[in-house]
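Here is the structure we will look at, set down as structure tokens.
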């Protein structure tokens with residue numbers, strides 16, 4: 104049976120640390136689901152990984168879907184091969200279109216909508232989300248650190264990381280140098296303003312993003328959580344360039360970019376709120392910012408999972424207090440659920456994915472368990488994690504099959520059991 108060692112190893116750890124049968128049953132259902140139902144080996148020896156009930160592969164989702172299997176990667180060649188094949192597919196996708204966020208299995212012209220400009224036949228959607236380029240870098244780094252296998256670092260890989268650094272440098276000067284635009288005439292709320300170019304920005308040192316990780320358009324186009332993730336991804340690329348490819352120019356370019364972005368965050372991304380400093384969610388470099396957090400990673404809440412920022416960092420802790428309060432416009436309370444939601448789904452709905460992130464970034468084991476139970480008790484008997492749930496009615500939810508949510512729940516359970524995914 105495929106993935107037998109990983110499935111057995113994870114089940115053993117959970118049964119040794121959890122006495123609640125409902126939690127165990129849901130963990131096992133979710134853990135098997137991603138491995139058995141979302142992957143397809145393609146003729147080019149890559150793996151196409153769907154995000155669930157949408158027939159496309161997101162760079163972000165496919166990375167997060169694999170996180171809870173990484174601790175077992177050295178004991179299971181099947182999992183090691185799966186991750187390696189997904190990385191190969193991600194790299195091919197980035198080289199096909201580095202501005203795209205989601206891709207088709209083949210050049211079959213499938214697409215979410217008739218967007219402008221028309222996307223390539225391999226592309227499901229060309230929403231430029233800065234984080235979409237960060238996640239594959241993180242996954243490749245995790246794979247390398249776990250396995251010590253350098254076979255993924257081929258010519259295509261180097262071309263892809265060079266492309267990413269080049270694109271991010273262009274998008275530091277979006278108005279002056281970028282040619283990217285996005286319009287979706289059928290749904291104005293999901294297109295960029297100003298004829299698809301986005302709202303005005305000033306130079307900050309940060310790099311521009313068109314859309315949020317939720318796939319909704321940015322209000323202001325310097326996303327603080329995504330730029331924080333880009334700081335770490337640039338550092339990783341510098342490490343790849345130095346230790347794997349022995350490329351001095353790329354090493355320095357990536358490291359300098361990480362410093363420029365971090366300075367931009369420190370200068371523009373930290374704002375005063377009730378006489379204390381917290382992170383804004385988005386800024387424009389012209390004096391405007393939005394205070395909020397969204398359920399999707401990268402979020403401000405998820406920073407300790409994506410960057411080397413400590414959960415004890417003073418500004419992060421203050422920001423966390425804001426996020427998990429009624430001051431955050433996307434923090435919702437109900438009879439059975441309380442947590443972060445998103446404008447991308449129905450108003451007042453809580454995302455179990457955000458509950459998992461809340462648990463994973465908590466320093467309290469009691470809080471981790473509380474979030475685990477909250478997710479399990481609001482699955483409507485499906486033993487699967489949904490995209491978003493009515494906090495007053497667990498039978499009312501969006502997306503019955505959402506593999507990213509399943510994996511984040513599994514990661515939280517394993518974390519509670521002491522099997523934490525390495526991310527630094």
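In the numbering used here, the protein residues as written are 104 to 527. The beta carbon of each residue, even a glycine, is placed where N, CA and C say it ideally should be.
Do residue j and residue i come within 8 angstroms of each other at the CB atom, strictly closer than that value?
{"i": "residue 510", "j": "residue 239", "result": "no"}
{"i": "residue 241", "j": "residue 506", "result": "no"}
{"i": "residue 480", "j": "residue 428", "result": "no"}
{"i": "residue 391", "j": "residue 323", "result": "yes"}
{"i": "residue 449", "j": "residue 491", "result": "yes"}
{"i": "residue 189", "j": "residue 129", "result": "no"}
{"i": "residue 462", "j": "residue 489", "result": "no"}
{"i": "residue 205", "j": "residue 161", "result": "yes"}
{"i": "residue 487", "j": "residue 504", "result": "yes"}
{"i": "residue 500", "j": "residue 425", "result": "no"}
{"i": "residue 299", "j": "residue 219", "result": "yes"}
{"i": "residue 313", "j": "residue 230", "result": "yes"}
{"i": "residue 197", "j": "residue 249", "result": "no"}
{"i": "residue 358", "j": "residue 380", "result": "no"}
{"i": "residue 328", "j": "residue 401", "result": "yes"}
{"i": "residue 303", "j": "residue 216", "result": "no"}
Taking all protein chains shown into account, do 16 or more other C-beta atoms lie within 10 angstroms of the C-beta of residue i, making it buried, or fewer, making it exposed?
{"i": "residue 297", "result": "exposed"}
{"i": "residue 525", "result": "exposed"}
{"i": "residue 178", "result": "exposed"}
{"i": "residue 484", "result": "exposed"}
{"i": "residue 467", "result": "exposed"}
{"i": "residue 122", "result": "exposed"}
{"i": "residue 288", "result": "exposed"}
{"i": "residue 290", "result": "exposed"}
{"i": "residue 140", "result": "exposed"}
{"i": "residue 146", "result": "exposed"}
{"i": "residue 415", "result": "exposed"}
{"i": "residue 355", "result": "exposed"}
{"i": "residue 144", "result": "exposed"}
{"i": "residue 276", "result": "exposed"}
{"i": "residue 306", "result": "exposed"}
{"i": "residue 470", "result": "exposed"}
{"i": "residue 212", "result": "exposed"}
{"i": "residue 495", "result": "exposed"}
{"i": "residue 282", "result": "exposed"}
{"i": "residue 498", "result": "exposed"}
{"i": "residue 482", "result": "buried"}
Starting from residue i, follow the alpha helix (DSSP H) in both directions and report where the run begins and ends.
{"i": "residue 362", "result": "351-367"}
{"i": "residue 232", "result": "Note, residue 232: premise wrong, no alpha helix (DSSP H); not H, not E."}
{"i": "residue 279", "result": "277-280"}
{"i": "residue 189", "result": "180-199"}
{"i": "residue 522", "result": "From DSSP, residue 522 is part of no alpha helix (DSSP H); its letter is neither H nor E."}
{"i": "residue 488", "result": "Per DSSP, residue 488 belongs to no alpha helix (DSSP H) and is neither H nor E."}
{"i": "residue 331", "result": "327-346"}
{"i": "residue 425", "result": "417-426"}
{"i": "residue 375", "result": "No alpha helix (DSSP H) contains residue 375, which is instead part of the beta strand (DSSP E) from 373-376."}
{"i": "residue 118", "result": "107-120"}
{"i": "residue 266", "result": "258-273"}
{"i": "residue 163", "result": "162-169"}
{"i": "residue 436", "result": "Residue 436 -> not in any alpha helix (DSSP H); beta strand (DSSP E) instead, spanning 434-436."}
{"i": "residue 472", "result": "468-479"}
Note the first and the last residue of the continuous beta strand (DSSP E) segment covering residue i.
{"i": "residue 450", "result": "Here residue 450 belongs to no beta strand (DSSP E), and DSSP marks it neither H nor E."}
{"i": "residue 497", "result": "496-501"}
{"i": "residue 382", "result": "379-382"}
{"i": "residue 142", "result": "142-144"}
{"i": "residue 395", "result": "Where residue 395 is concerned, there is no enclosing beta strand (DSSP E), given that its DSSP letter is neither H nor E."}
{"i": "residue 294", "result": "Where residue 294 is concerned, there is no enclosing beta strand (DSSP E), given that its DSSP letter is neither H nor E."}
{"i": "residue 309", "result": "It is not in any beta strand (DSSP E) - residue 309 carries neither H nor E in the DSSP assignment."}
{"i": "residue 443", "result": "441-443"}
{"i": "residue 150", "result": "150-152"}
Contact defined as beta carbons within less than 8 angstroms: I believe residue i pairs with residue j. What is the distance between those atoms, to the nearest angstrom?
{"i": "residue 228", "j": "residue 210", "result": "Not quite, the Cβ-Cβ distance comes to about 15 angstroms (not below 8 angstroms), so this is no contact."}
{"i": "residue 512", "j": "residue 237", "result": "Wrong, their Cβ atoms sit about 22 angstroms apart, outside the cutoff."}
{"i": "residue 528", "j": "residue 308", "result": "Residue 528 falls outside the range modelled here, since the chain spans only 104 to 527, and no answer is possible."}
{"i": "residue 294", "j": "residue 280", "result": "Going by Cβ atoms, the distance from residue 294 to residue 280 rounds to 22 angstroms, so no, they are not a contact pair."}
{"i": "residue 255", "j": "residue 191", "result": "7 angstroms"}
{"i": "residue 234", "j": "residue 163", "result": "6 angstroms"}
{"i": "residue 274", "j": "residue 326", "result": "About 11 angstroms separates the two Cβ atoms, so there is no contact after all."}
{"i": "residue 347", "j": "residue 253", "result": "6 angstroms"}
{"i": "residue 232", "j": "residue 319", "result": "Not quite, the Cβ-Cβ distance comes to about 10 angstroms (not below 8 angstroms), so this is no contact."}
{"i": "residue 272", "j": "residue 360", "result": "6 angstroms"}
{"i": "residue 475", "j": "residue 434", "result": "The Cβ separation is near 20 angstroms, so there is no contact."}
{"i": "residue 105", "j": "residue 201", "result": "With 8 angstroms as the limit, residue 105 and residue 201 do not qualify as a contact, their Cβ atoms being about 32 angstroms apart."}
{"i": "residue 150", "j": "residue 142", "result": "5 angstroms"}
{"i": "residue 460", "j": "residue 405", "result": "5 angstroms"}
{"i": "residue 116", "j": "residue 517", "result": "7 angstroms"}
Against chain D, does residue i count as a neighbour if the rule is that its beta carbon must be under 8 angstroms from one of theirs?
{"i": "residue 198", "result": "Looking for chain D here will not work: only one protein chain is present."}
Should the stretch 262-277 be regarded as contacting the stretch 180-191, the criterion being three or more beta carbon pairs within less than 8 angstroms? As far as the Cβ criterion goes, the stretch 262-277 does not touch the stretch 180-191, which means the pair count is below three.
Touching or not, the stretch 446-458 and the stretch 392-400, by the rule of three or more beta carbon pairs under 8 angstroms? Output reads yes: the stretch 392-400 touches the stretch 446-458.
Touch test, the stretch 409-427 against the stretch 346-360, Cβ-Cβ under 8 angstroms, three pairs minimum: Flag = no, the stretch 409-427 and the stretch 346-360 do not touch.
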